[in-house]
Structure formats: structure tokens, C-alpha cells
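Trainee: There's a structure below that I have some questions on.
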Amino acid sequence: MIKRFGVSIEKDLLEAFDKIIEEKGYNSRSEAIRDIIRDYIVKEKWNVKKENVVGSISLVYEHDVYGLADKLTDIQHHYHDVIISTLHVHFDEKNCLEVILVRGRVEKIKKLYDELSSLKWVRHTNISITDII
Numbered sequence: 008m009i010k011r012f013g014v015s016i017e018k019d020l021l022e023a024f025d026k027i028i029e030e031k032g033y034n035s036r037s038e039a040i041r042d043i044i045r046d047y048i049v050k051e052k053w054n055v056k057k058e059n060v061v062g063s064i065s066l067v068y069e070h071d072v073y074g075l076a077d078k079l080t081d082i083q084h085h086y087h088d089v090i091i092s093t094l095h096v097h098f099d100e101k102n103c104l105e106v107i108l109v110r111g112r113v114e115k116i117k118k119l120y121d122e123l124s125s126l127k128w129v130r131h132t133n134i135s136i137t138d139i140i
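To convert, count from 1 in the sequence shown and add 7; that's this note's numbering.
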């Protein structure tokens with residue numbers, strides 16, 4: 008069911024918004040506003056430990072550091088209940104990318120992310136979460 012509602016907004020803010028939604032190819036303001044609201048709801052879920060989300064954790068690390076791959080694997084085994092799948096990519100002779108798909112409670116996914124991020128020689132980590140809204 009679709010509900011209509013009115014929004015009061017400053018002219019310059021609306022013009023900037025219209026420019027962005029045109030550049031992105033939205034057919035209407037309503038479509039853009041729905042996407043913005045969905046994104047806001049997902050971001051708020053990230054602040055509630057008991058909420059369930061899905062997403063991905065990406066990390067870049069040096070593969071030739073002794074014991075690092077074993078530590079990464081060991082951590083992932085401790086979180087097998089929230090890990091759906093893992094993709095491993097060799098960037099070059101020295102660096103690897105791992106993408107870990109996750110599903111579960113925010114609290115547990117945050118712990119997994121923090122453990123992976125805090126390892127020495129992990130160069131960069133990123134998390135992206137979403138949900139069906």
C-alpha cells in the first residue's frame with residue numbers, strides 16, 4: 008500500500024535534490040525519497056545490537072605475512088554461524104582481498120568485523136550492511 012504525505016523543504020535544498028535525482032536517473036522524487044528512507048532505516052539498524060542484517064566485510068592484507076592467513080581462517084571459523092560465504096582474490100604477488108558475506112545479529116557481525124580489522128598486517132577493512140525493507 009502506498010501512502011501519500013507532504014514535505015516542506017527550502018527551495019535551494021529541493022533544487023539540489025532534484026539535480027542529484029536527475030543525474031542518478033530516478034523517474035520521480037518519490038522513488039528517490041523511498042531509497043533514502045530505506046538507507047536511513049538500515050543505518051539505524053546498525054545501531055541496535057539485536058537487529059538482524061545481511062552484508063559483506065571486505066579486507067585487504069599481505070598474504071605472505073607468516074601466520075596471518077591462519078589467524079583470518081581461525082577467526083572466521085569462530086563465526087561460522089554468521090558467515091554465509093567467503094571470496095578470496097589475489098591482487099598481485101603480495102596482496103589479497105577477502106570478501107566475507109554475513110547474515111545475523113548486528114552485535115555478532117560487529118565483533119567479527121572488529122576482530123578482523125584489528126589484526127596486524129590487515130591493511131584495510133570495510134563493512135557494508137543491508138536488509139530487506
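From the three backbone atoms N, C-alpha and C, an ideal C-beta is built for every residue, glycine too. Here the structure is a predicted model, which is why all the values come from computation and not from measurement.
1. Mind pulling the alpha helix (DSSP H) runs of 4 or more residues that sit fully within the segment 42 to 122?
2. Which same chain residues, not among the five before or five after HIS131, have their C-beta less than 6 Å away from its C-beta?
3. On the DSSP bridge list, what partners appear for ILE134?
4. Identify the residues that DSSP records as bridge partners of VAL129: which are they?
5. Give the single residue among LYS26, GLN83, SER135, ASP19 whose Cα lies nearest to the Cα of LEU126.
6. So, are the CB atoms of GLU58 and ARG112 less than 9 Å apart?
7. Using the Cβ count rule (16 or more neighbours within 10 Å means buried), how would you classify VAL89?
Mentor: In short, the structure shows the following:
1. 75 to 85
2. VAL67
3. ILE64
4. TYR68
5. GLN83
6. yes
7. buried
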